[in-house]
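In UniProt numbering, the protein residues as written are 1 to 52.
The beta-carbon is built from N, C-alpha and C at its ideal position, and this holds for glycine as well.
As the structure is a computational prediction, the values presented were derived from the model and not from experiment.
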Amino acid sequence: MTTAPKLPEGLEPEHGDDWEDEPVCARCHGDGMDPWNDYLLDCPECQGRQQP
Numbered sequence: 001m002t003t004a005p006k007l008p009e010g011l012e013p014e015h016g017d018d019w020e021d022e023p024v025c026a027r028c029h030g031d032g033m034d035p036w037n038d039y040l041l042d043c044p045e046c047q048g049r050q051q052p
């Protein structure tokens with residue numbers, strides 16, 4: 001059985017990846033484009049900023 005190498009102290013993630021905590025727009029799911037308009041225009045909910 002092999003184990004994953006341990007990262008040096010201070011480099012270990014404390015709470016997982018940083019992007020996991022970022023909010024995602026419910027309409028475009030972080031894409032920034034409007035799925036109801038064939039992805040031609042910015043999302044009307046987040047204005048293409050990919051935030052709710």
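Would you kindly work out how many angstroms separate the C-alpha atoms of A26 and D38, rounded to a whole number? Taking the first residue of the sequence shown as 1, we reach residue 26 at position 26. Taking the first residue of the sequence shown as 1, we reach residue 38 at position 38. Each residue's alpha carbon lies about 16 Å from the other.
Presumed contact (8 Å Cβ cut-off) between P23 and D34, rounded CB distance: On the sequence shown, residue 23 is found 23 positions in, with the first residue counted as 1. On the sequence shown, residue 34 is found 34 positions in, with the first residue counted as 1. The distance from the Cβ of P23 to that of D34 is about 18 Å, inconsistent with a contact at the 8 Å cut-off.
Alpha carbon to alpha carbon, how far is Q47 from D31? Within the sequence shown, the letter at position 47 stands for residue 47. Within the sequence shown, the letter at position 31 stands for residue 31. Taking the Cα positions, Q47 is about 11 Å away from D31.
Determine which residues share a DSSP beta bridge with D42 and list them. Reading the sequence shown from its first residue, position 42 is the one you call residue 42. Answer by DSSP bridge pairing, in chain order: M33.
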